[in-house]
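Worksheet: one structure, shown below.
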Amino acid sequence: MSESSEAFEYFPYEAMRPNQREFIELVSEAVRNGENAIIEAPTGFGKTVSVLAGILPYAKEEGYKVLYLARTHRQMDRVIEELKAISGKSPVSGVELRSRKELCLHNYLTQFTSDAYTAMVVCKNLKKMGKCPFYENEKKKKAEFDELVRFFLESPSHPAEILSYAETLELCPYDLTKRMAEKADVIVASYLYLLSPSIRENFISSLDVDYSDLIVVFDEAHNLPDQAISALSDKISINTVNRAIKEADEYNEHEIANFLSIFGRGLEILFQEKLGSRDVQETPIQPELVFEHVVDVLGLDTRWLVKTLNDMVAIGDSIREDRIEKGKPPRSYIGRVGEFLLLWLSLIGREDYLFIMSRDRGLSLELVALDPAKALGFIRDVQSAIFMSGTLTPLEAFRDIMGIENARLKKFPRMVKRENAQVLVAKDVSTRGDERTLQAYRRMVDYIVEAAKIIPKNVGVFTASYEVLQGLLSANLQVRLEETGKAIFIEKQGVPSAENDAMVASFKAHARGNGAVLLGVMGGRNSEGQDYSGDEMNGVILVGIPYARPTPRVQAQIRYFERKFPEKGRYYGYYLPAHRKLVQAAGRVHRSAEEKGSIIVLDYRLLWRGIRKDLPDWMVETMRPVDLGRMKLYLKRFWSNGR
1 MSESSEAFEY
11 FPYEAMRPNQ
21 REFIELVSEA
31 VRNGENAIIE
41 APTGFGKTVS
51 VLAGILPYAK
61 EEGYKVLYLA
71 RTHRQMDRVI
81 EELKAISGKS
91 PVSGVELRSR
101 KELCLHNYLT
111 QFTSDAYTAM
121 VVCKNLKKMG
131 KCPFYENEKK
141 KKAEFDELVR
151 FFLESPSHPA
161 EILSYAETLE
171 LCPYDLTKRM
181 AEKADVIVAS
191 YLYLLSPSIR
201 ENFISSLDVD
211 YSDLIVVFDE
221 AHNLPDQAIS
231 ALSDKISINT
241 VNRAIKEADE
251 YNEHEIANFL
261 SIFGRGLEIL
271 FQEKLGSRDV
281 QETPIQPELV
291 FEHVVDVLGL
301 DTRWLVKTLN
311 DMVAIGDSIR
321 EDRIEKGKPP
331 RSYIGRVGEF
341 LLLWLSLIGR
351 EDYLFIMSRD
361 RGLSLELVAL
371 DPAKALGFIR
381 DVQSAIFMSG
391 TLTPLEAFRD
401 IMGIENARLK
411 KFPRMVKREN
421 AQVLVAKDVS
431 TRGDERTLQA
441 YRRMVDYIVE
451 AAKIIPKNVG
461 VFTASYEVLQ
471 GLLSANLQVR
481 LEETGKAIFI
491 EKQGVPSAEN
501 DAMVASFKAH
511 ARGNGAVLLG
521 VMGGRNSEGQ
531 DYSGDEMNGV
541 ILVGIPYARP
551 TPRVQAQIRY
561 FERKFPEKGR
571 YYGYYLPAHR
581 KLVQAAGRVH
591 RSAEEKGSII
601 VLDYRLLWRG
611 IRKDLPDWMV
621 ETMRPVDLGR
631 MKLYLKRFWS
641 NGR
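Reading the sequence shown from the start, the letters are residues 1 to 643 in the UniProt record's numbering.
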């Protein structure tokens, strides 16, 4: 049987979309040759099922485990759906990993933990102290536990299905999922499982595999640079230090309390010196300065400083155990400060980190990673890694920034028919800093309201930042949009995923009525992580280009990239990330070649040659400069030709 026909055995649908066969064959060759692949393919292409069909024949044949990593739960669920379809044709097992908190039935853990590390510590201690009945039942009901593992390995299942069965039998859903992962052909998980160094080591160890046993897929890989930076960075506030002092007094750790009090006083002195009277939110500092005061007062050398910090970490572990025993929240501020300062100390001298003091939460210290490639060092050891997204152009830049070697690069064409795509660029507005006047915002509001009136059903308005969104609202955008007769939904910062998902579901539902307008930001979860089909988003209005503010961290990344990639630092670190966010938001209107969609960009800079080169061909080919009158004319013509 040929490689191509083998791949077709794992393709569950009767017909392939354009270019899917070539995609599958490219992936198949890459994994067999031990190569990596960076692939751009448009929204609606069918990337998920294609990459699985390309990987599974060789993975099953040679015993490789497939790790499929995505950013959101919605994307992860979609992989399980495709695996279910595949398993109806060819046997394949798959499991979706969620956090301990989401897969735990113990009230204490679900009530008192908020982050992955604390959940891991609590889980370990509850088991050690014999206080988790669900874990204890694994031994008492070993036959039922093993039977459930075999049952779920017969066909891929969603976490909710596993949770339901485990709850009925009073078994631990997290351990059940983990045991399934040891044997499953495909593990679907969050980026964090491989991007975070500490989580990655624990995860790989729990699977009892070597990196060379893995084939890894990074879906929506345009998110990787930001996600990698986030996973490698850390932050702590003076409030945490003050709480650690109180905790030390409570537990009679007087030497630690004294150390932290002197350390905290040193931070306050440094804060006044660096930020006190300056009108800035953050500033880079020499990392040694944070220890200067405590070292001078206590006469510590580096060896004793490290010993003190290690003692704090150990004391933190003991405090967590004690609080679990007493049924209190399992935190330790002493342990948290010790862990952060040990990391801070270990990174002194590294050029790929920026050390920042900021006004956040009164006063904060922040370790900012500058090189996302450092999170992917393990890629050299895996059999193959596939990076795919609808927005990776230029592929060479993504390869360089993420440090991916031995990689095939392939860009598949957009499927949108020319007559179904419309890109209009307003030539008289922009969100450049000195042009953000109330008058300019009012002109943009005119564009938005007129476009929302003409474009049928649902429309998305995605701005360059929340600051720009607020500027539009201050220019009466919400009141003016009421003229359209459409419902209005506004994305909010920091709300839980469930609340945001409910809002988006309500927005989509209005596509069956008079339509709605969704206001959000480019680079946010609604402009990238959501799919809108049919009338759920017939048009997007993009307000500005989402360039980052020139903060010390942005400037430091540009300088770092300039050293690493001469003459490309500003492009890689500043311009390109913003252009990709804009293209991602623009892509919300087309899920298939037959879907019509209007894209209106309220920023004349998109007409500049230096920016156009980063846009996909289909956007450039259909781009037209407009004023308000011409926009209305072109929109009416476009939508009067049938939908």
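Cβ atoms here follow ideal geometry from the backbone N, Cα and C, with glycine treated the same way.
- [ ] Look at the alpha carbon of P330 and the alpha carbon of R553, and state the distance between them as a whole number of angstroms.
- [x] 33 Å
- [ ] Sort out for me which residues DSSP pairs K492 with in a bridge.
- [x] Answer by DSSP bridge pairing: none, since K492 is not bridged.
- [ ] My understanding is that V626 touches R588, with C-beta atoms under 8 Å, so please give their C-beta distance in whole angstroms.
- [x] Wrong, their Cβ atoms sit about 20 Å apart, outside the cutoff.
Task: As assigned by DSSP and simplified to three states, the class of P358 - done: Reading off the sequence shown, one finds Ser at residue 358, where the question assumed Pro. If DSSP states are grouped into helix, strand and coil, S358 belongs with the strands.
Task: Residue ranges of each alpha helix (DSSP H) within the region 271-337, 4 or longer - done: 289-298, 302-325
- [ ] For the alpha helix (DSSP H) containing Q422, list its first residue and its last residue.
- [x] No alpha helix (DSSP H) contains Q422, which is instead part of the beta strand (DSSP E) from 421-426.
- [ ] Please determine, among L309, A228, L275, the residue with the shortest C-alpha to C-alpha distance to T259.
- [x] The question names Thr, but residue 259 in the sequence shown is Phe. If we check each option's Cα against that of F259, L309 comes out closest.
- [ ] Can you have a look at H254 and say buried or exposed, based on whether 16 or more other CB atoms are within 10 angstroms of its CB?
- [x] exposed
Task: Residue environment, L633, which counts as buried when at least 16 other CB atoms sit within 10 Å - done: exposed
Open item on the list: Between S384 and V31, how many whole angstroms is the CB-CB distance? I'm expecting something under 8 Å.
Closed with: 4 Å
Open item on the list: In the DSSP output, what is D234 paired with across the bridge?
Closed with: L367
TODO: Determine the DSSP secondary structure at M402, reduced to helix, strand or coil.
DONE: Collapsing the DSSP output to three states places M402 in a helix.
- [ ] Would you identify the three-state DSSP class for T431, choosing helix, strand or coil?
- [x] T431 falls in the coil class under three-state DSSP.
Open item on the list: Just list the residues that DSSP pairs F218 with in beta bridges.
Closed with: L69, F387
Task: Cβ-Cβ distance between M444 and A464 below 9 Å - done: no
TODO: Note down, in chain order, each residue of its chain lying with its Cβ closer than 8 Å to the Cβ of E40, except the 5 sequence neighbours on either side.
DONE: M388, S389, G390, T391, L392, T393, L395, K410, K411, F412
Task: Rounded distance between the beta-carbons of I38 and R359, thought under 8 Å - done: About 39 Å; that fails the 8 Å criterion.
Task: Euclidean distance between Cα positions of V241 and P284 - done: 20 Å
Task: Nearest residue (CA-CA) to E467, options P546, K596, N252 - done: P546
Task: Counted within 10 angstroms of its Cβ, other Cβ atoms place D146 as buried (16 or more) or exposed - done: exposed
- [ ] Check T463 in the structure and name its three-state DSSP category.
- [x] strand
Task: Identified DSSP bridge partners for L542 - done: Paired residues: F462, V601.
- [ ] List the residues that DSSP assigns as beta-bridge partners of M623.
- [x] V423
- [ ] Indicate whether T484 and L602 have their beta-carbon atoms separated by less than 9 Å.
- [x] For T484 and L602, no; Cβs fall outside 9 Å.
Task: CB contact flag (I488, L519, <9 Å) - done: yes
Open item on the list: Suppose you measure from the CA of Q584 to the CA of M522; what does that come to, to the nearest Å?
Closed with: Here the C-alpha atom of Q584 lies approximately 8 Å from the C-alpha atom of M522.
TODO: Would you kindly work out how many angstroms separate the C-alpha atoms of D614 and F355, rounded to a whole number?
DONE: 32 Å
Task: Backbone CA spacing between V51 and I24 [nearest angstrom] - done: 6 Å
Task: Where A189 falls: helix, strand or coil (DSSP) - done: Secondary structure of A189 (DSSP, three-state): strand.
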